[in-house]
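Take a look at the structure below.
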Amino acid sequence: MRKARIAVLVSGGGTNLQAILDAQQRGELKSGEVVLVVSDRPGAYALERAAKAGVPGTEIGKKACGGQAAFEQRLIEALEEKKIDLIILAGFLSILSADFTRRYDHRILNIHPSLIPSFCGAGFYGLKVHEAALARGVKVTGATVHFVNEIPDGGEIIAQKAVEVRPEDTPETLQRRVMEQAEWILLPQAAETVSARLTREEKE
Numbered sequence: 039m040r041k042a043r044i045a046v047l048v049s050g051g052g053t054n055l056q057a058i059l060d061a062q063q064r065g066e067l068k069s070g071e072v073v074l075v076v077s078d079r080p081g082a083y084a085l086e087r088a089a090k091a092g093v094p095g096t097e098i099g100k101k102a103c104g105g106q107a108a109f110e111q112r113l114i115e116a117l118e119e120k121k122i123d124l125i126i127l128a129g130f131l132s133i134l135s136a137d138f139t140r141r142y143d144h145r146i147l148n149i150h151p152s153l154i155p156s157f158c159g160a161g162f163y164g165l166k167v168h169e170a171a172l173a174r175g176v177k178v179t180g181a182t183v184h185f186v187n188e189i190p191d192g193g194e195i196i197a198q199k200a201v202e203v204r205p206e207d208t209p210e211t212l213q214r215r216v217m218e219q220a221e222w223i224l225l226p227q228a229a230e231t232v233s234a235r236l237t238r239e240e241k242e
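Each residue of the sequence shown is one higher than the last, beginning at 39 in my numbering.
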């Protein structure tokens, strides 16, 4: 059976990318295969993770391209060249336009470190999400995998997993627990679910 061809888009260390690669190695991600990693930041450690796994990696930066339109065009060219079926945003900080998200409708996944609709949307990323959760005093947070549309964190929810907030938590300790207990589990599972759907639809 043909596997869905996956591109993972990254901006930093690539821990979620590693979770996907590990799931693939263990045979849990069996309906899809990571065939491309793209970073929008120069020198992102995620590209080293890709290289170690034997996955081609490339840098495509908005500034280097000269703007959003040229950046997205270059990105589309890289995706088309690899015949990508599914795009996974794994800590990818660039916002994608409505034209781009429509082109890949229901074929772009994102992981967000909260239970959407809490602490999400423009400006909520990285530690800022966990700082906001602690400031609000919530007792439960978590992570959400969703499809990407033109609204930041506004696409259809695929999966969520709750994580306890502890009284002694700092933004850093909470971030780590959400990654370990939710993000690194949910994202590979969602990648498998959507990859299986895409390959099934192709056969039909």
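Glycine residues also receive a C-beta, built at the ideal position from the N, C-alpha and C atoms. None of these values were measured; they are calculated from a predicted model.
Pull the bridge partners of Lys-199 from the DSSP assignment, please.
Among the bridge pairs identified by DSSP, Lys-199 is matched with Ala-181.
With burial defined as no fewer than 16 other Cβ atoms inside 10 Å of the residue's Cβ, what is the status of Gly-180: buried or exposed?
Looking at its Cβ environment, which holds 16 or more other Cβ atoms inside 10 Å, Gly-180 is buried.
For Leu-236, which option in Leu-55, Gly-159, Ile-146 and Phe-130 has the closest C-alpha, if you only look at C-alpha atoms?
Just measuring C-alpha positions, the residue of Leu-55, Gly-159, Ile-146 and Phe-130 sitting nearest Leu-236 is Ile-146.
Throw me the rounded Cβ distance for the Ala-45 and Lys-120 pair, which I believe falls under 8 Å.
Contact flag correct, Cβ pair sits at about 7 Å.
Could you tell me if Gly-175 is buried or exposed, where buried requires 16 or more neighbouring beta carbons within 10 angstroms of its beta carbon?
Gly-175 should be labelled exposed.
In angstroms with no decimal places, state the Cα-to-Cα distance between Leu-124 and Ala-197.
When rounded, the distance between both Cα atoms is 17 Å.
When Tyr-83, Ala-42 and Asn-187 are compared against Gln-56, the one with the closest alpha-carbon
Of the candidates Tyr-83, Ala-42 and Asn-187, the one whose C-alpha sits nearest the C-alpha of Gln-56 is Tyr-83.
Spatial neighbours of Leu-165 in its chain, beta-carbon cut-off 8 Å, leaving aside the 5 residues before and after
The beta carbon of Leu-165 sits closer than 8 Å to the beta carbons of Pro-209, Glu-210 and Gln-213 from its chain, once the five residues preceding and following it are set aside; these are given in chain order.
Could you check the C-alpha separation between Glu-240 and Gln-62 for me, to the nearest Å?
Roughly 21 Å separates the two Cα atoms.
Report the partner residues of Arg-43 according to the DSSP bridge assignment.
The secondary-structure analysis by DSSP pairs Arg-43 across a beta bridge with Glu-71.
Assuming Ala-160 contacts Pro-205 under a Cβ cut-off of 8 Å, what Cβ separation, rounded to an integer in Å, is found between them?
The beta-carbon separation of Ala-160 and Pro-205, rounded to 30 Å, does not stay under the 8 Å limit for a contact.
Leu-134 - DSSP class collapsed to helix/strand/coil:
In the three-state scheme derived from DSSP, where H, G and I count as helix and E and B as strand, Leu-134 is classed as coil.
Is it buried or exposed for Val-186, if we count other Cβ within 10 angstroms and need 16 for buried?
Under this definition Val-186 is a buried residue.
When you compare each of Arg-43, Thr-53 and Met-39 to Ala-220 by their alpha carbons, which one comes out closest?
Nearest neighbour of Ala-220 by Cα position, chosen from Arg-43, Thr-53 and Met-39, turns out to be Thr-53.
Pop quiz: Ala-89 and Gly-81 are said to be a contact at Cβ under 8 Å. What is the actual Cβ separation, rounded to whole angstroms?
About 13 Å separates the Cβ atoms of Ala-89 and Gly-81, ruling out a contact at the 8 Å cut-off.
Return the CA-CA distance between His-168 and Gly-92, expressed in angstroms with no decimal places.
Each residue's CA atom was taken as its position, placing His-168 and Gly-92 some 33 Å apart.
Where Val-48 sits in the DSSP three-state scheme
Of the three classes helix, strand and coil, the one that applies to Val-48 here is strand, per DSSP.
If you measure between the beta carbons of Val-75 and Leu-67, is that distance less than 8 Å?
Going by beta carbons, Val-75 and Leu-67 fall outside the 8 Å limit.
With Glu-97 as the anchor, note down where its beta strand (DSSP E) starts and where it stops.
Unbroken beta strand (DSSP E) run through Glu-97: 95-97.
Give a yes or no on whether the C-beta atoms belonging to Lys-41 and Ser-233 are separated by under 8 Å.
In contact: Lys-41 and Ser-233 (Cβ atoms closer than 8 Å).
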